[in-house]
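Trainee: Quick one: structure below, then a few questions.
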Amino acid sequence: MNMEMEPPSNLDSDLVTRSLNFHGQLLQKAWEAERGEGDLQKHNVNNLDFGIYSQRQKHLSFQDRGKRLKLHQFISKRANVLFDTSLIEKDKASPPASEPGHYALLPAFETFLNLDKTSRTQHFLQCLRPKDVIISSITHKANSGLSLKVLCLDGECARSVSDLNIKAFCPTSNLISAVDKKNIPRTFMLNDLVCCEVLEVIPDSEKIICGMKGVHASDHKARLGLFHSDEFPEVYNNAVILTAEECIDYCGYC
Numbered sequence: 001m002n003m004e005m006e007p008p009s010n011l012d013s014d015l016v017t018r019s020l021n022f023h024g025q026l027l028q029k030a031w032e033a034e035r036g037e038g039d040l041q042k043h044n045v046n047n048l049d050f051g052i053y054s055q056r057q058k059h060l061s062f063q064d065r066g067k068r069l070k071l072h073q074f075i076s077k078r079a080n081v082l083f084d085t086s087l088i089e090k091d092k093a094s095p096p097a098s099e100p101g102h103y104a105l106l107p108a109f110e111t112f113l114n115l116d117k118t119s120r121t122q123h124f125l126q127c128l129r130p131k132d133v134i135i136s137s138i139t140h141k142a143n144s145g146l147s148l149k150v151l152c153l154d155g156e157c158a159r160s161v162s163d164l165n166i167k168a169f170c171p172t173s174n175l176i177s178a179v180d181k182k183n184i185p186r187t188f189m190l191n192d193l194v195c196c197e198v199l200e201v202i203p204d205s206e207k208i209i210c211g212m213k214g215v216h217a218s219d220h221k222a223r224l225g226l227f228h229s230d231e232f233p234e235v236y237n238n239a240v241i242l243t244a245e246e247c248i249d250y251c252g253y254c
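Quick note: the sequence shown uses the UniProt record's numbering, first residue 1, plus one each step.
Have a look at this one:
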């Protein structure tokens, strides 16, 4: 066993287990040669399953065996740094800043491509998933529900599609009461803005079914329902259908 091993450290047993399951018995042998046969048990690493490695092994090159051995020796020798629990705790305690102005907002990728509206519509529908949150305007009211024009996608991947004629439908069974800013109940009216969660998407027929009850998007439940224009995501407010060059100048991608 190498006597120059680093000082003892608290290892994250889950990360160690995942690494061993991925690299297989060869890493386990290198680990025990470097740190001693009882080291894994000392760090509560007991339930190893090399199924993942068995699947990978079919595609591993025999010529690269020497490189894998060096990698396993490196992992074993530097385990106190690679699997230190303090790294996980620090990462959880320091989430990335999300306040406006901390970073530039990257426009949707099609901004930089010469795509027609049909292609952009198809791409949007193919990327849209149940649980996504959309902001729309009411174009028609019926007993069966509200017909909507989608203006933008909200959330981390916010994007404006107000120049596209993307339609959605919110069935009456998925509506909630309309409440204005002063918390006064009223009815939904034409041209009202509404925030809905996506329930179903059928790209081939350009069909979007949505709702306001927070079935999937529980994190956004407080925002669902009647929406106010001053709450639009920044991407929508800035999107006056800029060209790629204008976007680069406007957003500071130099």
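For every residue, glycine included, the Cβ atom is placed at its ideal position computed from N, Cα and C.
Is it the case that the Cβ atoms of V179 and P171 are separated by a distance below 8 Å?
Mentor: no
Trainee: According to DSSP, V161 sits in a beta bridge with which residue or residues?
Mentor: According to DSSP, which records beta bridges pairwise, V161 is partnered with nothing at all.
Trainee: Is K167 helix, strand or coil by DSSP?
Mentor: strand
Trainee: Give every residue of the same chain whose Cβ lies closer than 8 Å to the Cβ of S144, excluding the five residues on either side of it in the sequence, and list them in chain order.
Mentor: P171 and T172
Trainee: Once the 5 residues before and after M1 are set aside, which same chain residues still bring their CB inside 6 Å of it?
Mentor: At M1, the pLDDT of 45 sits below 50, so the modelled position is not reliable and the matter cannot be decided from this model.
Trainee: Would you mind reading off the limits of the alpha helix (DSSP H) that contains I184?
Mentor: Segment: none, I184 is in no alpha helix (DSSP H) and carries neither H nor E.
Trainee: Do the region 49-64 and the region 77-86 touch if we need at least three Cβ pairs shorter than 8 Å?
Mentor: no
Trainee: Three or more C-beta pairs closer than 8 Å, one from the region 115-123 and one from the region 138-153: is that the case here?
Mentor: Judged by Cβ distances under 8 Å, the region 115-123 makes no contact with the region 138-153, as fewer than three pairs qualify.
Trainee: Could you have a look at T17 and say whether DSSP puts it in helix, strand or coil?
Mentor: helix
Trainee: Give me the Cα-Cα distance between N191 and S137, rounded to the nearest whole angstrom.
Mentor: 5 Å
Trainee: When we look at the beta-carbon of H23 and count the other beta-carbons within 10 Å, is it buried (16 or more) or exposed?
Mentor: buried
Trainee: Using a Cβ-Cβ cut-off of 8 Å (strictly less than) and excluding sequence neighbours within five positions of K181, which residues of its own chain qualify?
Mentor: H228
Trainee: Give every residue of the same chain whose Cβ lies closer than 8 Å to the Cβ of N21, excluding the five residues on either side of it in the sequence, and list them in chain order.
Mentor: L48, D49, F50, G51, I52 and Y53
Trainee: Take M212 and list the residues in its own chain whose beta-carbon comes closer than 8 Å to its own, dropping the five residues that flank it on each side.
Mentor: C170, N174, L175, I176, V194, C195, C196, E197, L224 and G225
Trainee: Which one of Q57, R159, R56 and G214 has the shortest CA to CA distance from P130?
Mentor: G214
Trainee: Using only alpha-carbon positions, find the residue among D64, H123, L69 and R18 that is nearest to N44.
Mentor: The candidate whose alpha carbon is nearest that of N44 is R18.
Trainee: For V13, which option in E32, Q25, D39 and F62 has the closest C-alpha, if you only look at C-alpha atoms?
Mentor: The sequence given here places Ser at residue 13; Val does not occur at that position. Looking at the Cα atoms, D39 is the closest of the given residues.
Trainee: Determine the DSSP secondary structure at L125, reduced to helix, strand or coil.
Mentor: In this structure, L125 counts as helix in the three-state DSSP scheme.
Trainee: From L164 to P203, what does the alpha carbon distance come to, in whole angstroms?
Mentor: 15 Å
Trainee: Answer with buried or exposed for A168, where buried requires no fewer than 16 other C-beta atoms within 10 angstroms of its C-beta.
Mentor: buried
Trainee: Which residue from G155, M189, I209 and I208 puts its Cα closest to that of K221?
Mentor: G155
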